[in-house]
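First the structure, in the form of structure tokens, and then the observations on it.
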Amino acid sequence: MSNKELAKRLRCKRNTVINCIHELKDLGYIQTKEVIDPETGATRGRAISLTPGVNLNVPPQLNEMDGGGTTNCTQIDHSNKTSNKTNKRSSQAEPDTLAVQCKEVIEYLNEKTGKHFKPNAKGNRGAIYPRLKEGYTVEDMKTVINNMYSLWHSVRFRNGELGDNYLKPETLFRSSKIDGYLNANPNTANNQRQRYGKRAPINEPTPKWFKREQEQKEQGKPDQGNWMDQLPDESEVQ
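According to full-length UniProt numbering, the sequence shown is numbered sequentially starting from 1.
And the structure:
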């Protein structure tokens, strides 16, 4: 289930879902894994599972919901761990955490595209760090890479540029684009290739009239009129 769908069901913002999933992973309560289509290799979604050994045998608490209903909410006592994690994130260790996550994203991008981006390059950090601080996870960024690789790899756009040239951090993780790329449908890749894919060049022989006209210009001879004027009349056609 996507972060957007979870946010809709839980009646909260998408970033709240992202932050909660990130925190539960840090605390060791859950594990996430990409679901890959075995036929196309594209990312189909994400699986979330409880970490083996986590004890959830605690009394449920009934919370009121809109409309007067109730729901069972399992409480997990992790106040100390949460406090420690919060302090850690707000301490000087935060840049180190961002650096590790940035490195993982860049290495995955390099592996996927065969390129050689540097994790410590200022431009790459400038594209990834802000998104991590906004709540996007490493898994989110890997999904962006997978989606856009499926849509852009070996595709030539109408401006003549090869789609692979856009598979770089500053394009993939731009603040105005990342959410759309995260929710892109890689299954449209075939249609995309048909519309923007590289077409074979058209090889046609140069017309004789054009060659003759060019030869006359090179020899300094006057033009013999427009090439259309040199076409035969109906009376001359056998």
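Glycine included, every Cβ here is placed at the ideal spot set by N, Cα and C.
In this structure, the straight-line span from the alpha carbon of proline 169 to that of leucine 10 is close to 31 Å. Straight-line measurement puts the Cα of methionine 141 at about 7 Å from the Cα of valine 105. Tyr149 is the residue among Gln31, Tyr149 and Thr43 whose C-alpha sits nearest the C-alpha of glutamate 111.
Asparagine 15 counts as exposed, since fewer than 16 other C-beta atoms from the protein chains shown sit within 10 angstroms of its C-beta.
Assignment of glutamate 39 by DSSP, reduced to helix, strand and coil, places it in the coil class. By the neighbour-count definition (other C-beta atoms within 10 Å, threshold 16), valine 100 is an exposed residue. Taking a C-beta distance under 7 Å as the contact criterion, arginine 44 and aspartate 37 qualify as a contact pair.
Look at lysine 177 here: in three-state DSSP terms it is coil, with no helix or strand label. Taking a cut-off of 8 Å on C-beta distances, the region 150–162 does not touch the region 119–127, as fewer than three cross pairs fall below it. Look at alanine 7 here: in three-state DSSP terms it is helix. Rounded to the nearest whole angstrom, the CA to CA distance from histidine 153 to leucine 162 is 8 Å. Isoleucine 145 and leucine 167 have their C-alpha atoms roughly 8 Å apart.
According to the DSSP secondary-structure assignment, glycine 45 is paired through a beta bridge with Val35. According to DSSP, residue pairing for leucine 50 in a beta bridge involves Ile30.
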